[in-house]
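Undergrad: Numbering (my numbering) for the sequence shown: 270 to 559. Where is the CB? At the ideal position from N, CA and C, for every residue including glycine. These numbers were taken from a predicted model, which means no experiment stands behind them. Please find one structure pasted underneath; my questions will follow.
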Amino acid sequence: MTLLIVMVAAMPAQSTQDQLFGVPDDGAAAATHARLVAEIRRHDVLYYQSDQPEISDAEYDALFRELQDLEASHPALVTADSPTQRVGGAPVHALRSVPHTRPMLSLANTYSREEIAEWFDSVSDFFAGKVEGLCFSIEPKLDGVAVELVYERGQLVRAITRGDGKRGDDVSHTVATIRTLPLTLVCDDPPELLEVRGEVVMTHASFAAVNRAREAADEPRFINPRNLASGTLKLLDPKSAARRPLSFLAYGLGEVSEPVASSHSGALRQLADWGLPTALELAAQGDLAH
């Protein structure tokens, strides 16, 4: 008689398998994911906005690869606003022309104190008897490309160039590569609709870095940051745009579903609280003499 012995070994539960093979469980993975996302976003702001990097490019790349590997092993953690998704979009075939909800007007300029005084008098006359006093916000003129960001329920859904003021080009695919720009607003109860207007620029430091890379590749240098910013926005392939670091600074609002603040500077502070870069720290508030 032949004796047949069957050995049955129970497989460990999935969480135990993960621990055995060095893969974090879902809870630990979510915590690690949140930490990596926050750390990468902080370094993006330090590098692209403040020009004060704390880590080397190699250390940043290691953080980014760690996040990519974690999302590959836990696909449920991938969200539309993850740093790994900024450059993952497919190229577009052409730029679409889309309308602005409200006209996006150009700024007037002057080089004359007399014209400023005339403007001040006209504003004062308009508000005479309506307000107790006037407070002005003086902000730097940014030399870039005017863009409107459309957030719906806190999610960035569209980015439009100023164009002719009534219609502009949909450049959502390239604007999404701007690392300091939140794809999701940092707030628990965002407005149903928030249109943020601002300027897409390339800093002098980023411009110099791009030209150094082109020289190393034996390619012609770009002429100036403004033209490079404009050309980058209109690229059809977001992966190409991501290699040219752009920045965005908010300076105003378009259509909103509910009041954001009672003053212009208050609105900028609220936008900053929601994670949007502004130049408010460079602004001055006060009367005309100030």
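Could you compute how far the alpha carbon of GLY291 sits from the alpha carbon of LEU336?
TA: Position 22 of the sequence shown holds residue 291. Position 67 of the sequence shown holds residue 336. Below a pLDDT of 50, predicted positions are generally treated as unreliable, and GLY291, at 48, falls in that range; the measurement from the model is reported next regardless. Each residue's Cα considered, the two are about 15 angstroms apart.
Undergrad: If contact is defined by three or more beta carbon pairs under 8 angstroms, each pair taking one atom from either stretch, is the segment 477 to 491 in contact with the segment 432 to 442?
TA: no
Undergrad: Kindly indicate which residue of GLU464, GLY402, LEU454 and LEU411 has the alpha-carbon position closest to the one of ARG371.
TA: Taking the sequence shown and counting its residues from 1, one reaches residue 371 at position 102. Of the listed residues, the one whose Cα sits closest to ARG371 is GLU464.
Undergrad: Spell out the partners DSSP gives SER516 in its beta bridges.
TA: Numbered from 1 along the sequence shown, position 247 holds the residue referred to as residue 516. DSSP lists VAL470 as partners of SER516.
Undergrad: DSSP three-state label for ALA415, please.
TA: Start at 1 with the first residue of the sequence shown, and residue 415 comes out as number 146. Reduced to three states, the DSSP call for ALA415 is strand.
Undergrad: How long is the line joining the alpha carbons of GLU340 and LEU452, rounded to whole angstroms?
TA: Counting from 1 along the sequence shown, the entry for residue 340 is found at position 71. Counting from 1 along the sequence shown, the entry for residue 452 is found at position 183. The alpha-carbon atoms of GLU340 and LEU452 are separated by roughly 18 angstroms.
Undergrad: Should GLY555 be labelled buried (16 or more other beta-carbon atoms within 10 Å of its own) or exposed?
TA: As a first step, residue 555 is located in the sequence shown; it is residue number 286 there, counting from the start. With fewer than 16 Cβ atoms within 10 Å of its Cβ, GLY555 is classed as exposed.
Undergrad: Where does ALA345 sit, in a helix, a strand or coil, going by DSSP?
TA: Translated into positions along the sequence shown, residue 345 becomes position 76. Of the three classes helix, strand and coil, the one that applies to ALA345 here is helix, per DSSP.
Undergrad: Could you tell me which residues DSSP pairs with GLU421 in its beta bridges?
TA: Residue 421 sits at position 152 when you count from the first residue of the sequence shown. Paired residue(s): GLN424 and LEU462.
Undergrad: Compare the beta carbon distance of LEU364 and VAL440 with 8 angstroms and say whether it is the shorter of the two.
TA: In the sequence shown, residue 364 corresponds to position 95, counting from 1. In the sequence shown, residue 440 corresponds to position 171, counting from 1. Yes.
Undergrad: Classify ARG311: buried if its beta carbon has 16 or more other beta carbons within 10 angstroms, exposed otherwise.
TA: Taking the sequence shown and counting its residues from 1, the one referred to as residue 311 is at position 42. ARG311 comes out exposed.
Undergrad: Is LEU537 near ALA519, with beta carbons less than 8 angstroms apart?
TA: In the sequence shown, counting from the first residue as 1, residue 537 sits at position 268. In the sequence shown, counting from the first residue as 1, residue 519 sits at position 250. Against a cut-off of 8 angstroms, the Cβ pair of ALA519 and LEU537 comes out as a contact.
Undergrad: Roughly how many angstroms lie between the CA atoms of LEU346 and ALA386, to the nearest whole one?
TA: In the sequence shown, counting from the first residue as 1, residue 346 sits at position 77. In the sequence shown, counting from the first residue as 1, residue 386 sits at position 117. Looking at the two C-alpha atoms, the distance is approximately 56 angstroms.
Undergrad: Roughly how many angstroms separate the alpha carbons of VAL400 and LYS410, rounded to a whole number?
TA: Here residue 400 corresponds to residue number 131 of the sequence shown, with the count starting at 1. Here residue 410 corresponds to residue number 141 of the sequence shown, with the count starting at 1. If you take the alpha carbons of VAL400 and LYS410, they lie about 27 angstroms apart.
Undergrad: Out of ALA415, ALA541 and GLU527, point me to the one whose CA is closest to GLU421's CA.
TA: Taking the sequence shown and counting its residues from 1, one reaches residue 421 at position 152. Ranking the options by Cα distance to GLU421, first place goes to GLU527.
Undergrad: In the DSSP output, which residue or residues are listed as bridge partners for SER432?
TA: One-based indexing of the sequence shown puts residue 432 at position 163. A small correction: the amino acid at residue 432 is Gly; Ser does not occupy that position in the sequence shown. Partner residues in a beta bridge of GLY432, as assigned by DSSP, do not exist.
Undergrad: Going by DSSP, what residue range makes up the beta strand (DSSP E) through VAL367?
TA: By one-based count along the sequence shown, residue 367 stands at place 98. Segment 366 to 368, the beta strand (DSSP E) holding VAL367.
Undergrad: From this set, PHE476, PRO352 and GLU468, which residue's C-alpha is nearest VAL416's C-alpha?
TA: Position 147 of the sequence shown, counted from the first residue, corresponds to residue 416. Minimum Cα distance to VAL416 is reached at GLU468.
Undergrad: Given THR501, which residues of its chain have a CB within under 7 angstroms of its CB, disregarding the five upstream and five downstream residues?
TA: For the purposes of this step, residue 501 is taken as residue 232 along the sequence shown, with counting starting at 1. Correct list, in chain order: THR443, ALA510, ARG513 and LEU515.
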